[in-house]
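There are 2 protein chains.
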Amino acid sequence: MDHDAPTRPVKTVQTAFEIVLTLRDLTEATVTELASELDLAKSTVHRHLMTLTEQGWVVRDGAQYRVGLRFLDVGIATRNANPIYRYTCDRVADLAEKTGEKAWCIVEQNGRGVHLYGESGTSPVQTYARPGQLTYLHQHAAGKSILANRPREEVERIIEVHGLPEITDQTITDPDELFEELEKTRRRGVAFNEEESVVGLNAVGAAITDQSGYALGAISISAPVARLQPEEMESDIAELLIETVNEIEINMEYAGGQDEYPLE
Amino acid sequence: MDHDAPTRPVKTVQTAFEIVLTLRDLTEATVTELASELDLAKSTVHRHLMTLTEQGWVVRDGAQYRVGLRFLDVGIATRNANPIYRYTCDRVADLAEKTGEKAWCIVEQNGRGVHLYGESGTSPVQTYARPGQLTYLHQHAAGKSILANRPREEVERIIEVHGLPEITDQTITDPDELFEELEKTRRRGVAFNEEESVVGLNAVGAAITDQSGYALGAISISAPVARLQPEEMESDIAELLIETVNEIEINMEYAGGQDEYPLE
DNA sequence: AAAGGTTGTTCGAAGCGCTCGAACGACACT
DNA sequence: AGTGTCGTTCGAGCGCTTCGAACAACCTTT
């Protein structure tokens, strides 16, 4: 999996989390299922599950094991500790209400995007996004606006680690094309997503930056192509997003030193 | 901590999660801080953090480490997989809107309560509850209505494991008193919380049960004592809750075999 | 009702790999 | 330059994880 080992990882911990992830993917599983899936001894899996269950990381229901809600506890706690979340979630709700469409707030972590908070407007678009979801930054508007406001070397490192996987015909998969797109995004102040992540879905995104212009996160509005045409994306929606971002940035600057938390 | 060891837990995994929990409590910490806090060698903590960071469970920002949003990913996924969440969240929102107060949906896991989903009404009560929060079932209305619809042996086992910790003067701390209260709750169909978890806060809760009458979860409405007096709790609010529960239970029965998931 | 298939669970031993402390390197502040 | 930090690397020792086999509990099958 990894080319080399700068520091040897703790293998036991890796298998523990592998169990958790498999459990999440399967929704529920028995000891034997997990053992065969992960190619481990039943007894090993059993011991791990006992350990995880004791602390609520895993719950058992008869023979079936499931991921415990303690992950939700820790997950929500970290989200709430994130200033981007605190300063954007109300604004995201406003955007959803004003536009009637889906609005999201997204941050970067380890070179990937994480959906922090989303709110649906009156016209429910059945998107498959959910809070906590891990995405590739080059595949959507919010992600591209984050990349557009990061140093080029950082973007290059992200491409190196994660690549530019394709998800629809429209996904940008060429690094040069991406850098061109980021340049355009910087000039416009907003990023567009024209069916690059989901066929039939367009979106506009704008980055939230600190005083130095470094992107801390982004917000976006998405809607079916029928309701969100390029001309509207460039005018009304773009303007609304930029206004909102300005408001958020001002609020964050005022709080300033209060909550020290540069957040990569 | 534990009286005896039925099966020896995997110590390495325990320390890994201890690191995560300490990190959550401190919001952020350095290697040395964690090492001294947990009484481990710096190198050990470092190796663990490297392992956890590689998978996104932990994020580093220079010298500071923080819990990663991957916990949110897994946490939200398990919440969404939970039928109680799927069938109650819209109804909880309705309740919040109708009453103008705070409404919650809660489930039991490992003998403790977990706040699954909450929605505020128009009158914002600054409660300290958040989704994912771990609570004691005997300390609030929703929890008591769950206990009231579980076999007595199960309640006894929960008391044995978790005790009946006091949080306010009004908290029930005597097992006999609790069983009496649960009996009353069963007769009424709803449970009351009169400043038993937070001074100045009252609440009413009702259990969601399966066909056999076994509690799967509960919903509750809470408000400051000034706005939620006993007489109202027993009439309007109680009725509203019971109606809502009936609606939820019918919806769940119809879906029936669709999503097999007894969910303790 | 007994037999054969599941399953989860316990046990002991073998040896992997986790933990530790000390040494190293990088950085900031004096 | 010097002296505190800090994070990081390295090499052993032995703790503890892993495994497989045996056990027990439970269905299904005959």
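Residue numbers (full-length UniProt numbering), protein chains in the order written: chain A, 1 to 264; chain B, 1 to 264.
Every residue gets a Cβ at the ideal spot worked out from N, C-alpha and C, and that includes glycine.
Starting from residue i, trace the alpha helix (DSSP H) both ways and give me its first and last residue.
i              : result
residue 178(B) : 175-188
residue 110(B) : Counting along the chain, residue 110(B) falls outside any alpha helix (DSSP H), and DSSP gives it neither H nor E.
residue 277(A) : Residue 277(A) cannot be examined here, being either before or after the span of chain A that is shown, 1 to 264.
residue 101(A) : Counting along the chain, residue 101(A) falls outside any alpha helix (DSSP H), and DSSP gives it neither H nor E.
residue 268(A) : No statement about residue 268(A) is possible, as the shown extent of chain A runs from 1 to 264 and does not include it.
residue 167(B) : No alpha helix (DSSP H) holds residue 167(B); DSSP gives it neither H nor E.
residue 161(A) : 152-162
Contact check, residue i vs residue j under 8 Å by CB: the rounded distance?
i              : j              : result
residue 206(B) : residue 120(B) : Actually they are not in contact, since the Cβ atoms of residue 206(B) and residue 120(B) sit about 19 Å apart, beyond 8 Å.
residue 79(B)  : residue 85(B)  : 5 Å
residue 222(A) : residue 202(A) : 7 Å
residue 204(B) : residue 237(B) : 5 Å
residue 173(A) : residue 166(A) : 5 Å
residue 105(A) : residue 217(A) : 6 Å
residue 53(A)  : residue 60(A)  : 6 Å
residue 171(A) : residue 133(A) : Contact doesn't hold; Cβ gap of about 17 Å is too wide.
residue 168(B) : residue 197(B) : 7 Å
residue 13(A)  : residue 16(B)  : 4 Å
Starting from residue i, trace the beta strand (DSSP E) in both directions and tell me its first and last residue.
i              : result
residue 279(B) : The requested residue 279(B) is not part of the displayed model; chain B covers only 1 to 264.
residue 217(B) : 215-224
residue 201(A) : 201-209
residue 191(A) : 191-194
Give me the subset of the stretch 128-144 of chain A whose CB atoms are less than 8 Å from a CB atom of chain B, sorted by chain position.
130, 131, 132, 133, 134
Within the stretch 2-82 of chain B, note down every full alpha helix (DSSP H) run reaching 4 residues or more, in order along the chain.
11-26, 31-38, 42-54, 70-81
Any C-beta of chain B within less than 7 Å: which residues of the stretch 68-84 of chain A qualify?
68, 69, 71, 72, 73, 74, 75, 76, 77, 78, 79, 80, 81
Just checking, does the stretch 189-209 of chain A make contact with the stretch 154-162 of chain A on the three C-beta pairs under 8 Å criterion?
no
Tell me which residues of the stretch 104-115 of chain A have at least one Cβ-Cβ distance to chain B shorter than 7 Å, keeping chain order.
109, 110, 114
Mind the definition here: the stretch 63-83 of chain B touches the stretch 225-236 of chain B only if three or more C-beta pairs lie below 8 Å; say whether that holds.
no
Listed in chain order, which residues of the stretch 32-57 of chain B have Cβ atoms closer than 8 Å to some Cβ of chain A?
46, 47, 48, 50, 51, 52, 53, 54, 55, 56, 57
Given a limit of 8 Å on CB to CB distance, which residues of the stretch 196-217 of chain A reach chain B?
none
With a threshold of 8 Å, are at least 3 pairs of Cβ atoms found where one atom belongs to the stretch 14-30 of chain B and the other to the stretch 63-75 of chain B?
yes
Name the residues in the stretch 11-35 of chain B whose C-beta lies less than 8 Å from a C-beta of chain A; which are they?
12, 13, 14, 16, 17, 20, 21, 24, 27, 28
Do three or more CB pairs link the stretch 95-102 of chain B to the stretch 44-64 of chain A at distances below 8 Å?
no
Below 8 Å, can you find three or more Cβ-Cβ pairs linking the stretch 109-119 of chain B to the stretch 239-250 of chain B?
no
Anything in the stretch 154-182 of chain B with a Cβ closer than 7 Å to a Cβ of chain A? List those residues in chain order, please.
none
With 8 Å as the limit, tell me which residues of the stretch 223-235 of chain A have their beta carbon closer than that to any beta carbon of chain B; keep them in chain order.
none
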